[in-house]
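So the protein lines, in turn, are chains A and B. When the letters of the first sequence are read in order and numbered with numbering that gives the first Met the number 0, they come out as residues 0 to 424. When the letters of the second sequence are read in order and numbered with numbering that gives the first Met the number 0, they come out as residues 0 to 336.
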Amino acid sequence: MSVIESPARSTPAHEQVPTARTAIPVRDDAVGQRRDLRSVPLDDAFNVVGAIVAGIAVATLLFGWLTPMTGFVGWLVVSFIAFLGIYAVLSSLRADRLTVSERIMTALFYSAGAILLSALVFVLGFTVVRGVPALINPNFFVETMKLAGPLDPLSVGGIAHAIVGTLIQISIALVITIPLGITTAVFLNEVGGRFARFVRTISDAMTALPSIVAGLFIYAAIVTLVTHQRSGFAAALAISVMMLPIIIRASDVVLRLVPNNLREASYALGTTRWRTVWNVVLPTSRSGLVTAVILGTARGIGETSPVLLTSGVTAEMNLNPFSGPMISLPLQVFDFVKSPEPHMIARGFGAAATLVLLVLALFLIARLIGGRGPGQLSDRQRRATAAASVRDLRRIEGAARPFRSEPATTSVSTYTTDPSEESPS
Amino acid sequence: MSTESVTEVIPAAPSPRPRSLVSRPVQADRVFRTVCYAAGGITVAIMLAVGVFLSGRAGEALARSGPAFLWTQEWSPETGEFGIAAVLFGTVTIAIIALTIAVPLSLSTALLISEVVPGSVRSLLISLVDLMAAVPSVVFGLWGVFFLQANVIPVSQWISTYFGWIPIFAVTDDTGARITDAGAFTSSAFIAGIVVSLMIVPTQTSVMREAFSQAPLGEREGALALGSTRWGMIRTVVLPFGRGGIIGGTMLALGRALGETIAVVMIISPIFSVNWQVLKTGTNSVSALIALRYGEASQFGLSALMAAGLVLFIITLIVNFTASTIVARSRSGAESN
């Protein structure tokens, strides 16, 4: 309130003229204190910290001494509820009802984010930490389980066959889904029409296809009718059915972001539809498309249930996707932890950690490549575009030299910097 | 000045009829269009083939069991006594538990991302939520079995002790006597629901976040200018505008929760009877049934499993179509404002 009152007191001229006319406030140096809009007020920070400490203390008291409650999760829940209550009481000492509800809701939002993040970190960290005993043995990555029994120590046997199986299956799936998925996305965006809307609806519905149903479909259609045996190829087909809608949807979003004036400029130059797609739309959205494919790969690599029905379980290396069972990493994890032996469970965690690290690596690559909208260039691409513009200018001016007298050095320098702001078409 | 000269020129043009603006596509374009239509057609054909093959193979089992398939609880195709009542009940139970946990969590996270945190943190959080969606289901299952189970059992025991008077939270044996032994709380629908909830939160969060970020700026600023707090602004502007996103995202997540397989298989201990006591050991789901029984199934047993898969397929399809209709309608409504 003090901030609002102070300018009124410092302008007495204002009060002397009570007419309803707009008056220019008298300028003096008494500018009120600048309001801090950003940082958390000190007493609120104290409230938060105090409430957290008090909540933890209350929960610890309840769990340790006053009641027979046990368990870490229960302790967390009780401390959180105690924190919310104490925070509300502390805030209401200094603020009105609106402010208290605002603070409580903000605390709830932050804690939801914290729960989600800590769950993510905890799930991944738990897997990797429990997987370390298996991962530190180098044989884990180069040997198969052919000669290793459930009771053998971790220094015998490994998951080389599962890693190879995963790579073969995901490669086949990518060979199928990249052309099909991106062409379908191009169809949805560039061709359009009633059928395209229908295809979009269907591919949206496919994203919710339960993975076990995809496996069952491939089992019914391919394994029992065509190949008559479980194989890596059937598993790759099942993974493709799961990955296809993901890639279509992600590419569709990326292609939709390509600015329309690029397409129009291309058509205005007299190109065909096909040339516009190939030379303008696809290069413009290249990084986004690559990101879409990598994210689809990360999802496909972790699919267990379609593979469970279609690929079969084996302990041996199988390099032929068309004959014999071929295990993949997630299925190997599932198979390992079915055993009650601690060594097999440790191997399961090791395989799961490998899978998690693979997914994390794919995700990081996707983030490094992606994150730029269509038409935004990296430094290297920008230099290449600038160099190409210079070449074009020289070529044009070389052809036009007999008709021009002035030297072209100044225009070259402007052209080398200009295209960096433009799109690469 | 120039217009006069133009009006004089045009009647003098020799062409007797207007030029046709329709261009005939060149050969390359015709090929391009054909390829595109073919790709779209293949995508649709795959989806239709899923339905056709499942119904074709399920026909045998469905013809034998008739409508009793929907309300029989046992699953023994060899004796002809099989139905999905128990597994469908388990599927829905797990999905409802998962949604009960996931809806508040994802609603708050979506609001945190779209309304509270500044830009740089926002894109980091969005990436992390996307990463969470890519964590394989088998990893969540491992975590659920080897960590969560042991830590949630005390919570389950506490709930059943103090809220046992609500029938679904009671844990009793066949005679109705209350059980407090920790062994009665393992592998329950509750634990499976918690794990599934973590797997559906990312989907739900990203749909809701998109809907919230489309709430119009003018109304937001209007609310703030009238003296509303941020929560007041969220309550009166963001949530009403994002209602379609909330409902649609929840239904999309429901579709995923119904179809979740491996994590559920790893956690539950399968039973073939309707178990109302969600904290008690033993539940089942359609996808878990398929994953556990496909190996030893006879030709007819496989047909029965296909029938179960067909029911799951149809349910998720209905849920998902409804969800995407709601999301699409809410999106167009937000744009017109």
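Using N, Cα and C, we set each Cβ at its ideal position, and we do this for glycine too. Please read all numbers here as calculations on a predicted model, not as lab measurements.
Since residue i contacts residue j with CB under 8 Å, what's their CB separation in whole angstroms?
{"i": "G50 (chain B)", "j": "I211 (chain A)", "result": "No, G50 (chain B) and I211 (chain A) are not in contact; Cβ-Cβ is about 15 Å, not under 8 Å."}
{"i": "S186 (chain B)", "j": "T78 (chain B)", "result": "No, S186 (chain B) and T78 (chain B) are not in contact; Cβ-Cβ is about 26 Å, not under 8 Å."}
{"i": "P137 (chain A)", "j": "H342 (chain A)", "result": "Actually they are not in contact, since the Cβ atoms of P137 (chain A) and H342 (chain A) sit about 17 Å apart, beyond 8 Å."}
{"i": "T309 (chain A)", "j": "A234 (chain A)", "result": "5 Å"}
{"i": "I428 (chain A)", "j": "V289 (chain A)", "result": "Past the edges of chain A, shown from 0 to 424, lies residue 428 (chain A), and the structure says nothing about it."}
{"i": "E142 (chain A)", "j": "V280 (chain A)", "result": "With 8 Å as the limit, E142 (chain A) and V280 (chain A) do not qualify as a contact, their Cβ atoms being about 47 Å apart."}
{"i": "V253 (chain A)", "j": "G287 (chain A)", "result": "3 Å"}
{"i": "V237 (chain B)", "j": "F271 (chain B)", "result": "Actually they do not touch by this definition, with Cβ atoms about 45 Å apart."}
{"i": "A252 (chain B)", "j": "L98 (chain B)", "result": "7 Å"}
{"i": "A133 (chain B)", "j": "A297 (chain A)", "result": "4 Å"}
{"i": "T165 (chain A)", "j": "I51 (chain A)", "result": "That belief does not hold up - the Cβ atoms of T165 (chain A) and I51 (chain A) are roughly 44 Å apart, past 8 Å."}
In the DSSP assignment, what are the bridge partners of residue i?
{"i": "P269 (chain B)", "result": "B:T282"}
{"i": "W74 (chain B)", "result": "B:F81"}
{"i": "R255 (chain B)", "result": "None; R255 (chain B) has no bridge partner."}
{"i": "T171 (chain B)", "result": "B:R177"}
Just to confirm my understanding: we take residue i, look at its own chain, exclude 5 residues before and 5 after, and list those with CB closer than 8 Å. What are they?
{"i": "R292 (chain B)", "result": "W74, G300 and L304"}
{"i": "Q148 (chain B)", "result": "T185, S186, I190 and I266"}
{"i": "T315 (chain B)", "result": "G254, L257 and G258"}
{"i": "R403 (chain A)", "result": "With a pLDDT of 49 at R403 (chain A), under the threshold of 50, the modelled position of that residue is not reliable, and the figure given next carries that caveat. For R403 (chain A), where only same-chain residues beyond five positions count, the Cβ hits under 8 Å are E396."}
{"i": "P152 (chain A)", "result": "H342"}
{"i": "P15 (chain B)", "result": "none"}
{"i": "L356 (chain A)", "result": "V127"}
{"i": "Y36 (chain B)", "result": "none"}
By Cβ distance below 7 Å, which residues in the same chain neighbour residue i in space, the five residues on each side in sequence not counted?
{"i": "S9 (chain A)", "result": "With a pLDDT of 46 at S9 (chain A), under the threshold of 50, the modelled position of this residue cannot be trusted; read the value that follows with caution. Excluding positions up to five away in sequence, the list reads D27 and A29."}
{"i": "S91 (chain A)", "result": "V99"}
{"i": "F321 (chain A)", "result": "S230 and F232"}
{"i": "I246 (chain B)", "result": "I325"}
{"i": "P193 (chain B)", "result": "Here the sequence assigns Ile to residue 193 (chain B), which means Pro is not the residue at that position. Excluding sequence neighbours, I193 (chain B) sits near I100, L147 and V151."}
{"i": "A147 (chain A)", "result": "V155 and G156"}
{"i": "V116 (chain B)", "result": "L124"}
{"i": "V336 (chain A)", "result": "I344 and G347"}
{"i": "S268 (chain B)", "result": "S186, T280 and G281"}
{"i": "I289 (chain B)", "result": "L304, A307 and G308"}
{"i": "V292 (chain A)", "result": "I177 and I246"}
Leaving out five residues before and five after residue i in sequence, what residues of the same chain have Cβ atoms less than 6 Å from its Cβ?
{"i": "I3 (chain A)", "result": "With a pLDDT of only 43 at I3 (chain A), under 50, the local geometry of the prediction cannot be trusted, and no value is derived from it."}
{"i": "A213 (chain A)", "result": "A237, V240, M241 and P305"}
{"i": "A314 (chain A)", "result": "M144 and K145"}
{"i": "S5 (chain A)", "result": "With a pLDDT of 44 at S5 (chain A), under the threshold of 50, the predicted position of this residue should be treated as unreliable, and no value is reported."}
{"i": "R102 (chain A)", "result": "S90"}
{"i": "G89 (chain B)", "result": "T282, N283 and S284"}
Should residue i be counted as a contact of the ligand GTP given a C-beta to heavy atom distance under 7 Å?
{"i": "L316 (chain B)", "result": "This structure does not include the ligand GTP; it has no bound ligands of any sort."}
Check the Cβ-Cβ distances between residue i and every residue of chain D, and say whether any is below 8 Å.
{"i": "W273 (chain A)", "result": "Among the chains of the structure shown, chain D does not appear; the protein chains present are A and B."}
Any alpha helix (DSSP H) of 4 or more consecutive residues that is wholly inside the stretch 182-241 of chain B:
188-212, 216-224 and 229-232
Could you check whether the stretch 210-228 of chain B touches the stretch 271-285 of chain B, counting it as contact only if at least three pairs of C-beta atoms, one from each stretch, sit closer than 8 Å?
no
Touching by the beta-carbon criterion (3+ pairs, under 8 Å), the stretch 198-207 of chain B and the stretch 104-112 of chain B:
yes
Tell me whether the stretch 216-225 of chain A and the stretch 157-169 of chain A touch, counting them as touching only if at least three CB pairs, one residue from each stretch, are closer than 8 Å.
no
Whole alpha helix (DSSP H) runs in the stretch 76-149 of chain B with 4 or more residues, listed along the chain?
84-110, 118-133 and 136-142
Segments assigned alpha helix (DSSP H), at least 4 residues, entirely inside the stretch 284-318 of chain A
285-300 and 304-309
Do the stretch 329-337 of chain A and the stretch 348-358 of chain A touch if we need at least three Cβ pairs shorter than 8 Å?
yes
Counting beta carbon pairs with one atom in the stretch 102-113 of chain A and one in the stretch 127-135 of chain A, are three or more of them shorter than 8 Å?
no
Count the C-beta pairs between the stretch 189-206 of chain A and the stretch 239-247 of chain A that are closer than 8 Å, then say yes if the count reaches three, no if not.
yes
Note down, one range per segment and in chain order, each beta strand (DSSP E) of at least 3 residues found wholly within the stretch 212-252 of chain A.
none
Taking one C-beta from the stretch 191-199 of chain A and one from the stretch 256-273 of chain A each time, how about it: are there three or more such pairs within less than 8 Å?
no
Meets three-Cβ-pair contact criterion under 8 Å: the stretch 32-39 of chain B and the stretch 267-277 of chain B:
no
Counting Cβ pairs closer than 8 Å, one from the stretch 236-246 of chain B and one from the stretch 43-62 of chain B, do we hit at least three?
no
Whole alpha helix (DSSP H) elements within the stretch 157-191 of chain A, 4-residue minimum:
159-185
Minimum length 4: unbroken alpha helix (DSSP H) runs contained in the stretch 50-128 of chain A
71-93
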